[in-house]
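Participant: The sequence shown begins at 0 in numbering that gives the first Met the number 0 and counts up one residue at a time.
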Amino acid sequence: MFRNKLKRTGEVSWEIAADPSRGMKVPAKIFSSEAMLASIDDAALQQLSNAATLPGVVQNTVAMPDIHSGYGLPIGGVMAVDVSSGVVSPGAAGYDINCGVRLMRTPLTKDQIFQNRGTVADRLELAVPGGVGRGGSAILSTDDYREIAEQGAGWAVKHGYGFKDDLTHCEASGRLEGADVQAVSGHAVKRGHDQMGTLGSGNHFAEIQYVDEIYDPETAAQWGLSMGQVTVMVHTGSRGFGHQVATDYLETMERSMRKYGITVPDRELACVPAESGEGRDYLAAMRFAANYAWSNRQVIMHNIRKALADIFHVEPESMQLVYDVAHNIIKLEKHTVGGVKRELLVHRKGATRSFAAGNPELPEIFRKTGQPVLVPGDMGRMSYLMAGAPPAMDESFGSACHGAGRRLSRHAALKQAESGKKVRRDLSDKGIEVRAAGRRTLAEEMPDAYKDVSLVVDVASRAGLAKPVARMRPLVVIKG
């Protein structure tokens with residue numbers, strides 16, 4: 000139904016016009032090649048159109064080329080609302096608040112890792128706990144929670160997990176202001192108290208990679224990257240803490256919508272005015288969960304740093320963070336809409352911020368290049384490092400893709416994969432050492448369950464959302 004409404008508006012852009020009969024206030028914009036359109040399920044297009052009905056939504060809702068259906072807003076979706084007249088919707092940020100990716104460069108070479116890949120995989124499996132509900136070594140106290148709310152990743156650095164310079168290389172310096180301990184439930188606190196420094200399950204991972212292609216030598220050099228260099232990529236979020244925050248506030252908003260006279264086409268988009276009491280409380284809790292996630296990735300990265308330093312007898316300081324980006328988050332940002340600069344709440348769900356060079360929100364080190372945009376692929380192929388590009392500011396509220404995007408559901412992947420053991424063997428034959436909390440995870444996360452990330456990156460590049468800087472291939476993969 001919704002696929003039939005698509006109209007081409009550019010080389011790799013499409014639009015579903017605003018339909019007043021469905022309550023759509025703005026169009027829905029989709030970035031995709033013609034070939035990739037067939038892989039976009041109609042449910043995702045419906046979700047994107049549903050989001051265009053919410054109060055205060057501006058310009059258009061946006062879908063990245065890695066779009067697939069999710070909860071409320073599709074994964075790969077962006078929605079911006081006016082901060083004073085618009086709503087906030089937890090389903091448009093997702094359950095895993097501030098799920099995101101970070102990339103660290105090292106002085107190591109591909110051959111060093113390849114020759115010791117079994118040892119590296121075993122050590123990292125111990126250093127980075129993974130799996131559903133599995134706890135880590137850092138047990139959080141009430142004081143820890145208070146500091147995480149206030150300091151974000153700074154809490155981790157303060158407690159010996161990294162260096163001050165790491166914070167400069169995080170989106171928002173690894174901390175959102177306005178987090179409030181009082182805005183989260185006791186259940187959320189209980190779920191998160193032993194999960195700091197853990198991956199979780201599903202598509203979360205820690206990966207040792209090497210740079211096998213450089214597209215922009217000048218930018219790559221400014222970011223300290225060269226051919227054959229080993230990098231570390233970490234993908235995870237706020238664990239059970241963030242999941243509970245989302246669960247709590249989705250229930251709150253479902254109960255509260257009526258008193259604000261709000262109706263939505265899908266209960267998964269439950270929302271309240273951003274400036275209402277419930278809206279402010281959710282944003283304070285969401286920011287707390289975002290800060291928890293930045294701390295979590297900081298702890299994981301530094302534990303990997305220490306393990307690699309021990310194995311290869313190098314200094315931990317020689318391994319430096321390139322960047323950390325969130326891709327499930329709601330942020331207060333200034334964007335120009337209709338020629339007027341406005342304060343907006345930008346909801347990104349499976350979409351990465353992609354601010355271009357010169358943006359005042361970027362630290363000095365990225366003002367000349369644009370911010371790094373991290374686009375992981377599947378565990379058998381490649382991942383990309385991109386740089387924010389100027390057209391993104393007008394076309395997508397400064398947003399780009401966040402990964403390959405699923406092609407198969409987890410159930411379909413389980414049916415197609417013969418076994419997790421076979422997936423591991425196939426990857427080993429390609430020189431990729433894999434460890435996972437369970438074989439089921441390997442089957443669900445097999446490479447063929449995902450779209451080809453190079454096609455996603457190509458569309459983002461052609462649309463001007465971000466420009467490719469480098470490509471990395473996996474050597475060792477730790478899955479949750």
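Ideal Cβ positions, reconstructed from N, Cα and C, are used throughout, including at glycine.
1) Report the residue from Thr8, Tyr209, Thr52, Pro106 whose alpha carbon sits nearest the alpha carbon of Leu384.
2) What's the gap between the Cα of Phe354 and the Cα of Asp95?
3) Alpha carbon to alpha carbon, what distance is there between Pro216 and Tyr281?
4) Looking only at DSSP bridge pairs, what is Gly387 linked to?
5) Sorted by chain position, which residues of the same chain lie with C-beta nearer than 7 Å to Ala412's C-beta, five sequence neighbours on each side aside?
6) Does DSSP put Lys333 in a helix, a strand or coil?
7) Do Val61 and Ser395 have their C-beta atoms closer together than 8 Å?
8) Here's the rule I'm using: 16 or more other beta-carbon atoms within 10 Å means buried, otherwise exposed. How should Lys258 be labelled?
9) Taking DSSP as the reference, what is the three-state secondary structure of Met285?
10) Which whole-angstrom value describes the C-beta separation of Gln46 and Pro73, a residue pair presumed to lie in contact below a C-beta threshold of 8 Å?
11) Select from His168, Leu198, Gly173, Tyr214 the residue whose C-alpha is nearest the C-alpha of Glu149.
12) Considering just the uninterrupted stretch of the alpha helix (DSSP H) at Arg190, what are its terminal residues?
13) Distance, Cα to Cα, Ala273 vs Gly85?
14) Quick one: using the 10 Å Cβ neighbour count with 16 as the cut-off for buried, is Gly227 buried or exposed?
15) If we call anything under 8 Å between Cβ atoms a contact, is Leu331 one with Val82?
16) Is it the case that the stretch 242–262 contacts the stretch 293–300, given that we only count it when at least three CB pairs across the two stretches are under 8 Å?
17) Rounded to a whole number of angstroms, what is the C-alpha to C-alpha distance between Leu166 and Lys28?
18) Assuming Val452 contacts Ala403 (C-beta within less than 8 Å), just tell me the rounded distance between them.
19) Write down the C-beta distance between Asp211 and Arg470 rounded to the nearest angstrom, noting that I regard them as a contact closer than 8 Å.
20) Kindly list the residues whose CB is nearer than 6 Å to the CB of His301, restricted to its own chain and excluding five residues on each side of it in sequence; keep chain order.
21) Where do the N-terminal and C-terminal ends of the beta strand (DSSP E) with Ser12 fall, by residue?
22) State buried or exposed for Ser20, treating a residue as buried only when at least 16 other CB atoms are found within 10 Å of its CB.
23) With DSSP as the reference, label Ala37 as helix, strand or coil.
24) Could you tell me if Ser88 is buried or exposed, where buried requires 16 or more neighbouring beta carbons within 10 angstroms of its beta carbon?
25) Please determine if the stretch 305–317 and the stretch 99–116 are in contact, where contact requires at least 3 C-beta pairs separated by less than 8 Å.
26) From Val422 to Thr235, what does the alpha carbon distance come to, in whole angstroms?
27) Excluding the 5 residues flanking Val336 on each side, which residues of the same chain have their C-beta closer than 7 Å to its C-beta?
28) Tell me whether Asp121 sits in a helix, a strand or coil according to DSSP, three-state version.
29) Measuring only the C-alpha atoms, how far is Ala42 from Val77?
30) Over the uninterrupted alpha helix (DSSP H) stretch that includes Ala148, give me the two end residues.
31) One question on the structure: do Gly55 and Val80 come within less than 8 Å of each other, judged by their Cβ atoms?
32) At which residues does the beta strand (DSSP E) containing Ala79 begin and terminate?
33) Starting from Thr108, follow its DSSP beta bridges and name the residues at the other end.
34) With a threshold of 16 other CB atoms inside 10 Å of the CB of Tyr352, please say whether the residue is buried or exposed.
35) Measure the C-alpha to C-alpha separation of Pro26 and Arg2 and round it to an integer number of angstroms.
36) Leaving out five residues before and five after His168 in sequence, what residues of the same chain have Cβ atoms less than 6 Å from its Cβ?
Facilitator: Well, looking at it:
1) Tyr209
2) 23 Å
3) 43 Å
4) Ala465
5) Ala442, Glu443, Met445, Ala448
6) strand
7) yes
8) exposed
9) helix
10) 4 Å
11) Gly173
12) 185–191
13) 6 Å
14) exposed
15) yes
16) no
17) 34 Å
18) 4 Å
19) 6 Å
20) Tyr160, Gly161
21) 12–15
22) exposed
23) coil
24) buried
25) yes
26) 22 Å
27) Val57, Gln58
28) helix
29) 16 Å
30) 141–150
31) yes
32) 74–81
33) Gln228
34) Here residue 352 is Arg; the residue named in the question, Tyr, does not match the sequence. Buried: at least 16 other Cβ atoms inside 10 Å.
35) 14 Å
36) Leu320, Tyr322
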